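Each residue of the sequence shown is one higher than the last, beginning at 1 in full-length UniProt numbering.
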Amino acid sequence: MTSATPETDETRYDFRALEERWLPVWRETQPFRSGAEGDERPTKYVLDMFPYPSGDLHMGHAEAYALGDVIARYWAQRGFNVLHPIGWDSFGLPAENAAITRGLDPRGWTEDNIAQQRSSMERYACSFDWDRVLATHRPDYYRWNQWLFTRLHERGLAYRKHSNVNWCPKDQTVLANEQVVGGLCERCDTPVTKKKLNQWYFKVTDFADRLLDDLDGLQDTWPSKVIAMQRNWIGRSQGADVTFVIEGRDQPVDIYTTRPDTLYGATFMVVAADSDLAAELASTADAAVQAEFEAYAERVKTESDIDRLSTERDKTGVFLGRYAVNPVNGERLPIWASDYVLADYGHGAIMAVPAHDQRDLDFARAMDLPVRAVLDCRDEHGDRLPEPAESGIATTGDGTLINSGDLDGLDKTAAIAAIVARLEADGVGRASTNYRLRDWLISRQRYWGTPIPIVHCDACGEVRVPDDQLPVELPAAEGLDLKPKGQSPLAAATDWVTTTCPSCGGTATRDTDTMDTFVDSSWYFLRYLSPGKTDGPFDPADAKRWAPVDQYVGGVTHAILHLLYARFFTKALHDMGMIDFEEPFSALLNQGMVQMDGSAMSKSRGNLVRLSEQLDEFGVDAIRLTMAFAGPPEDDIDWADVSPAGSAKFLARAWRLARDVASAPDSDPAAGDAALRAVTHRTVADCAGLVEGFRFNVVVARVMELVNATRKVIDSGAGPADPAVREAAEAVAIVLSLFSPYCAEDMWSMLGHENVAHAGWPAVDESLLVEETVTCVVQVKGKVRDRLEVPPGIGEDELREAALGSAAVQRALDGAAIRTVIVRAPKLVNIVPA
1 MTSATPETDE TRYDFRALEE RWLPVWRETQ PFRSGAEGDE RPTKYVLDMF
51 PYPSGDLHMG HAEAYALGDV IARYWAQRGF NVLHPIGWDS FGLPAENAAI
101 TRGLDPRGWT EDNIAQQRSS MERYACSFDW DRVLATHRPD YYRWNQWLFT
151 RLHERGLAYR KHSNVNWCPK DQTVLANEQV VGGLCERCDT PVTKKKLNQW
201 YFKVTDFADR LLDDLDGLQD TWPSKVIAMQ RNWIGRSQGA DVTFVIEGRD
251 QPVDIYTTRP DTLYGATFMV VAADSDLAAE LASTADAAVQ AEFEAYAERV
301 KTESDIDRLS TERDKTGVFL GRYAVNPVNG ERLPIWASDY VLADYGHGAI
351 MAVPAHDQRD LDFARAMDLP VRAVLDCRDE HGDRLPEPAE SGIATTGDGT
401 LINSGDLDGL DKTAAIAAIV ARLEADGVGR ASTNYRLRDW LISRQRYWGT
451 PIPIVHCDAC GEVRVPDDQL PVELPAAEGL DLKPKGQSPL AAATDWVTTT
501 CPSCGGTATR DTDTMDTFVD SSWYFLRYLS PGKTDGPFDP ADAKRWAPVD
551 QYVGGVTHAI LHLLYARFFT KALHDMGMID FEEPFSALLN QGMVQMDGSA
601 MSKSRGNLVR LSEQLDEFGV DAIRLTMAFA GPPEDDIDWA DVSPAGSAKF
651 LARAWRLARD VASAPDSDPA AGDAALRAVT HRTVADCAGL VEGFRFNVVV
701 ARVMELVNAT RKVIDSGAGP ADPAVREAAE AVAIVLSLFS PYCAEDMWSM
751 LGHENVAHAG WPAVDESLLV EETVTCVVQV KGKVRDRLEV PPGIGEDELR
801 EAALGSAAVQ RALDGAAIRT VIVRAPKLVN IVPA
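Here you go:
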């Protein structure tokens, strides 16, 4: 059948008919079940970040799953046993808040959304292994959250302490730092305050060095931006702890500094306004100072850490009427409380060296405190920089020590070594490493989460729930008031709260906090390996077979804490002997966002694009292809700038190739059009490297070129019966199956085959990849004067002679002398006349 043949309903490309034809087949055959035990194919574990079931799939899901699917389908075509699972991150505030608003049980709301999303994922032709589905709100999953908690608790890695935490007054719950955006709760935009609570933590800081150092092994396979964000979050620095005596206080205070060489420049001390130390020192001051401090500390509770550390804010504080003693020179340093020092950094107090720290200098100028330079800092010309006290600009370079006693004249490195040695000898300091990283606060005062498996007994204290009593299931929501009230709604479930101590058998109470949902997502990739296992979270043998994840795909919004916590869990499990690797995700791909008219989609902005409507209008294949073709995966996609209609037209053109093939499935392509065969084999060879390099948009472009080349042959010469046309159409179907599976499956069926997803990547004939000649452009004075067909391996001397011998070049030179000839074999010669 040629392209000129009139189309009928049976021969016209119809994406709706294709979806109706193949989706039931895939649901029945489940073509992406991972291989059973004994399957000797090499393995690949491809994982997409699992979704929150807040409603139907949206445009962001469409991009993420289209890109992850390309990778999973590609490795399946390359003969790998691919594990590509899916599940739902289904605990958390959105479900609970939705249930409160609608008067529903969050279980029902969540399960309904999961069913809706699963149906949409199946329609979207995601290559998931549907035998491995999990949902974190189900007891068969969160039982193992609790089991892992008890193992961490046994090792001292789960503990409780009082501390200041981010608190949302509206949601009435603790928030992690990343859930505070611009000082507001990310969920409800309520200003966040600080509140002191007794909370559960995981001791992530015990792994700080490993979490930092092991990033070196990921530099070639993780985005550099993510590596940098992880490093900055951990924030390791080398310095010293210095002991300062506080007049009138028995206990001295340790201060961490990265620049102990500048101790002689300290002119005051600052303590965090929300620290216990500040409150203690203020309590002994006169009534006026106490009142001023209490009002100030209350105000600081409403400030975010990011705002407090900003160099753009005016510096504020309260003098506490107390003094510390500088251990190197005996000077009395006034002690101030301020918001620009954080309670959980270092020891919650700093020695202020205003000449050489801008924030200290701004504070000193605001409070009229002395400034003393102890570093002789010079510019690139060797001229001394202006005095900070006069210029208002701190000199933060290394410099040479001045005004520092016997340290004068030393450089930074020598001065640090000398002062640390003296501090250690005098017993008032020591070399120290500090981290920005803080332990992971996992407590949440809400209902919809994993109950913490601890009971509190007056006689025994904190007691772990034994393994054979897990899971500690959430009580039914019926009868509970889930509205925020400052403590978990579970506290009102008295029958559930009251229990028996596993240790002494006496009356005890259950812990009523639930776990942060980051716990759920920190090890879920391991549960996929053994989703039905009932005597452990996963089978170590399965972990040895499949893990770690070969390719992780997801948004950069989770570049810090989710990845950090998954890395922590992996290292902890490694230390328990449960796995033999220490990094969970060998390679990482971050996709960009899908926007509309330059900004994030939002119903309130009026720029919301509904995925379901796009699928109904253009079809699954066109939307998936558009996502891949829009640009590099990490770039944002503006839906206003792309063309799903154009993708649909291309798919119809590709589909017609298979419809028009007239040669038999077993015909020998070697007898066909040589030029088309070369294009086909070069395309297949190039696409493999392009997919592995995540250049999906270029792959689509190459397939479009192959479709055009094939159509030209169909419409001329041997036409549809040429076996090279069949070879090209089959290659199009296989490569296209990565992006547009319905169209590809239908093409494969028309070509006389079954199951395109496992057709196998087309073999490449290396002899067809060799280009017999290449075109060399010859320029004279920058203008193209000739084009020469030359062998690809031609040498520079031979190419120079060929170019100079060109009649067109000789005419352009018109007898002029030649100053130089630039040769870039085999594609360019540039001749420059004298």
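Idealized CB from N, CA, C, for every residue including glycine.
Predicted model only: the values in this text are computed from it and were never measured.
Between the alpha carbons of residue i and residue j, how many angstroms are there, rounded?
| i | j | result |
| --- | --- | --- |
| G156 | C501 | 21 Å |
| M1 | A724 | Caution is warranted here: a pLDDT of 38 is assigned to M1, below 50, making its placement in the model unreliable, and no coordinate value can be reported. |
| T5 | Q810 | Per-residue confidence for T5 stands at a pLDDT of 49, beneath the threshold of 50, marking its modelled position as unreliable; the derived number appears in the next sentence. So the two alpha carbons sit approximately 53 Å from each other. |
| T706 | Y74 | Checking the sequence shown, residue 706 turns out to be Leu, not Thr. Their backbone Cα atoms lie some 18 Å apart in a straight line. |
| S391 | E462 | 57 Å |
| D408 | V253 | 27 Å |
| Q219 | T413 | 29 Å |
| residue 855 | V46 | This structure gives no information on residue 855, because the portion of the chain shown stretches from 1 to 834. |
| Y13 | L657 | 11 Å |
| L570 | F581 | Here residue 570 turns out to be Thr, not Leu, going by the sequence shown. Taking the straight line from one Cα to the other gives about 8 Å. |
| V679 | L768 | 8 Å |
| D9 | R16 | Confidence is the limiting factor: at D9 the pLDDT is only 48, short of 50, which leaves the residue's position unreliable and the question unanswerable from this model. |
| A825 | A834 | 23 Å |
| I822 | A62 | 49 Å |
| A279 | V289 | 11 Å |
| N708 | E727 | 14 Å |
| C377 | R249 | 37 Å |
| L813 | V780 | 7 Å |
| M617 | N607 | The residue you asked about is not Met; residue 617 is Glu in the sequence shown. Roughly 18 Å between the two C-alpha positions. |
| T775 | E798 | 15 Å |
Does the separation of the CB atoms of residue i and residue j fall below 7 Å?
| i | j | result |
| --- | --- | --- |
| A459 | G348 | no |
| V778 | A744 | no |
| P53 | T101 | no |
| A291 | G317 | no |
| A559 | M229 | yes |
| L690 | V700 | no |
| W546 | L573 | no |
| I454 | P260 | no |
| A757 | S737 | yes |
| Y256 | D274 | no |
| D305 | L342 | yes |
| P139 | E473 | yes |
| A652 | F696 | no |
| A808 | D786 | yes |
| L57 | Q117 | yes |
| T262 | H356 | yes |
| S443 | V192 | no |
| N403 | V374 | yes |
Which residues does DSSP pair with residue i in a beta bridge?
| i | result |
| --- | --- |
| C168 | T173 |
| N434 | S237 |
| E789 | T775 |
| N81 | T43 |
| E462 | H456 |
| G782 | BP columns for G782 are empty, so no partner. |
| D48 | V553 |
| T193 | W167 |
| C185 | V180 |
| G87 | L134 |
| M515 | S443 |
Determine the closest residue to residue i out of the options, with distance taken between C-alpha atoms.
| i | options | result |
| --- | --- | --- |
| S432 | T258, A324, F518 and P334 | T258 |
| L309 | F293, A282, Q358 and P327 | Q358 |
| P633 | R605, G592 and V784 | G592 |
| A543 | E37, D307 and L589 | E37 |
| F694 | E20, N755 and G631 | G631 |
| residue 846 | L526, D535, M515 and A418 | For residue 846 there is no data in the structure shown, the boundaries of the chain being 1 and 834. |
Kindly indicate if chain D contains any beta-carbon less than 7 Å away from that of residue i.
| i | result |
| --- | --- |
| I86 | Of the protein chains in this structure there is only one, and it is not chain D. |
Could you check whether the segment 481-499 touches the segment 537-553, counting it as contact only if at least three pairs of C-beta atoms, one from each stretch, sit closer than 8 Å? no
Flag this pair as touching only if the segment 351-366 and the segment 262-276 have three or more C-beta atom pairs under 8 Å; answer yes or no. yes
Counting beta carbon pairs with one atom in the segment 162-170 and one in the segment 126-144, are three or more of them shorter than 8 Å? no
Indicate whether the contact test is met: 3 or more Cβ pairs, each with one atom in the segment 471-482 and one in the segment 443-460, closer than 8 Å. yes
Counting pairs of beta carbons, one from the segment 83-95 and one from the segment 642-650, are three or more of them closer than 8 Å? no
Is the segment 56-68 in contact with the segment 19-29, if contact means three or more CB pairs nearer than 8 Å? no
I'd like to know if the segment 517-534 and the segment 81-91 are in contact, where contact means that at least 3 CB-CB pairs between them fall below 8 Å. yes
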